[in-house]
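Student:
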Amino acid sequence: MEKICKYCKRTFKGRVDKVFCTNHCRTAYHNETKRNLQKSKVYKLLIDQIQNNRKILKALANASNLNMDMLVELGFSYDIYTHKEFNKKGGEFRYSVDYGICIVNNKIIIRES
Ligand SMILES: [Zn+2]
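Take a look at the structure:
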């Protein structure tokens with residue numbers, strides 16, 4: 000029976016239940032599937048963190064006397080962000096989509112873009 004390999008898409012002859020033309024294709028397919036699954040897990044973690052960061056920054060945008068411990072306590076991650084912007088004084092704003100955070104002399108500034 001003529002079949003099409005699930006990995007390389009070449010035709011091959013084999014048993015009805017055979018899906019791959021060679022062991023190489025079977026292994027390569029499973030390795031690729033596993034890699035893609037790991038990648039999508041990482042993407043999901045990053046997206047979840049960005050969404051959580053944004054929610055925290057939005058909620059605290061008008062709050063005063065903030066410190067990083069408070070934000071971390073809420074689940075904020077300073078190292079995960081979508082992009083950076085620098086203000087005229089050289090302060091670095093790290094954005095979670097449309098909300099940015101800047102730390103100046105241990106003081107936290109949050110702004111909406
Ligand atoms: Zn193949």
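All letters in the sequence shown, in the order written, are residues 0 to 112 by numbering that gives the first Met the number 0.
Cβ atoms here follow ideal geometry from the backbone N, Cα and C, with glycine treated the same way.
Bear in mind that the values here come from a model prediction, so they are computed numbers and not experimental data.
(1) How is I149 classed by DSSP in three states: helix, strand or coil?
(2) G90 and V103 - do their beta-carbons sit closer together than 7 Å?
(3) Is there contact here, the region 11-21 with the region 36-48, by at least three beta-carbon pairs under 8 Å?
(4) Mind checking whether S112 and I49 have CB atoms under 7 Å apart?
(5) Can you name, in chain order, every residue of its own chain whose Cβ lies under 8 Å from the Cβ of G13, other than the five neighbours on each side?
(6) Please go through the region 59-110 and give each complete alpha helix (DSSP H) segment of 4 or more residues, from N-terminal end onward.
(7) Quick one: what's got a C-beta closer than 7 Å to I79's C-beta in the same chain, skipping five residues either side?
(8) Could you say which of F85, I55 and H82 lies nearest to E72 if we only look at CA atoms?
(9) Counting by C-beta, which residues lie closer than 6 Å to a heavy atom of ligand 1, in chain order?
Tutor: Taking the coordinates as given:
(1) Any answer about residue 149 is impossible in this case: the structure gives the chain only from 0 up to 112.
(2) In terms of Cβ geometry, V103 and G90 form a close pair [threshold 7 Å].
(3) Result no; under three Cβ-Cβ pairs closer than 8 Å.
(4) Against a cut-off of 7 Å, the Cβ pair of I49 and S112 comes out as no contact.
(5) Shown here for G13: same chain residues with a beta carbon closer than 8 Å to its own, the five before and five after excluded, namely M0, K2 and C20 in chain order.
(6) For the region 59-110, whole alpha helix (DSSP H) runs of length 4 or above, ordered along the chain, are 67-72.
(7) Taken in chain order, the residues that qualify are L45, Q48, I49 and N52.
(8) Here the closest residue by C-alpha is I55.
(9) Proximity annotation: ligand 1 has residues C4, Y6, C7, R9, F19, C20, T21 and C24 in chain order, each selected because its CB is closer than 6 Å to a heavy atom of the ligand.
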